[in-house]
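Residue numbers (my numbering): 11 to 169.
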């Protein structure tokens with residue numbers, strides 16, 4: 011077969027042979043680019059993107075850990091009264107009408123607020139957290155009139 015190819019190639023004119031050699035070189039270069047260079051380049055690009063994403067996630071996680079550590083180091087005086095009565099008092103002070111307050115153990119309370127402005131509600135929650143009362147779960151629903159209803163489970167810090 012190689013002999014037949016050499017014979018076929020030898021029968022071509024000098025100009026055709028040069029064109030065939032150039033075509034073969036270009037074909038080899040194209041195959042090298044398509045089979046080696048492009049996949050390696052794409053792999054390196056993907057690795058750089060994944061690395062950049064990982065660095066960002068690491069920084070965000072470290073910031074969150076610092077925040078949690080700061081909260082844990084912030085010593086809050088223990089709550090002297092039952093948690094449900096403390097929540098009722100703080101809600102009344104903030105102007106929230108509690109639809110229901112259900113004690114769920116000694117240091118855990120489930121509450122429901124029928125209507126509240128979102129900004130005021132989140133501010134009240136922040137005040138509770140600085141006082142040592144943590145939100146374990148929070149579900150809000152839009153009332154359609156620029157207010158929300160909320161169902162929360164609250165617990166005393168460290169409990």
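Beta carbons: idealized from backbone N, C-alpha and C, even for Gly.
Nonlocal neighbours in the same chain, by C-beta distance under 8 Å from residue i, ignoring five residues either side
i	result
residue 62	none
residue 153	125, 159
Backbone CA spacing between residue i and residue j [nearest angstrom]
i	j	result
residue 80	residue 141	14 Å
residue 26	residue 38	18 Å
residue 64	residue 72	12 Å
residue 74	residue 136	16 Å
residue 21	residue 14	11 Å
residue 68	residue 55	20 Å
residue 130	residue 105	9 Å
residue 151	residue 58	41 Å
residue 48	residue 40	10 Å
residue 117	residue 92	8 Å
residue 44	residue 52	11 Å
residue 30	residue 50	29 Å
Sequence-distant residues of its chain with Cβ nearer than 6 Å to residue i (five each side left out)
i	result
residue 101	108
residue 161	122, 149
Whole-number beta carbon distance between residue j and residue i, since they are thought to touch under 8 Å
i	j	result
residue 139	residue 163	That pair is no contact at about 14 Å.
residue 95	residue 123	Contact flag wrong, Cβ pair sits at about 17 Å.
residue 97	residue 119	5 Å
residue 143	residue 113	Actually they do not touch by this definition, with Cβ atoms about 14 Å apart.
Own chain, CB closer than 7 Å to residue i, minus 5 neighbours either side, in chain order
i	result
residue 157	125, 126, 127
residue 111	94, 97, 98, 119, 121
Buried versus exposed call for residue i [16 or more other C-beta atoms within 10 Å across all chains shown]
i	result
residue 134	buried
residue 46	exposed
residue 19	exposed
residue 76	exposed
residue 12	exposed
Check: residue i C-beta below 7 Å from any heavy atom of the ligand SAM
i	result
residue 161	Inclusion of the ligand SAM in the displayed structure is not the case, the ligand content being empty and no account of it being possible.
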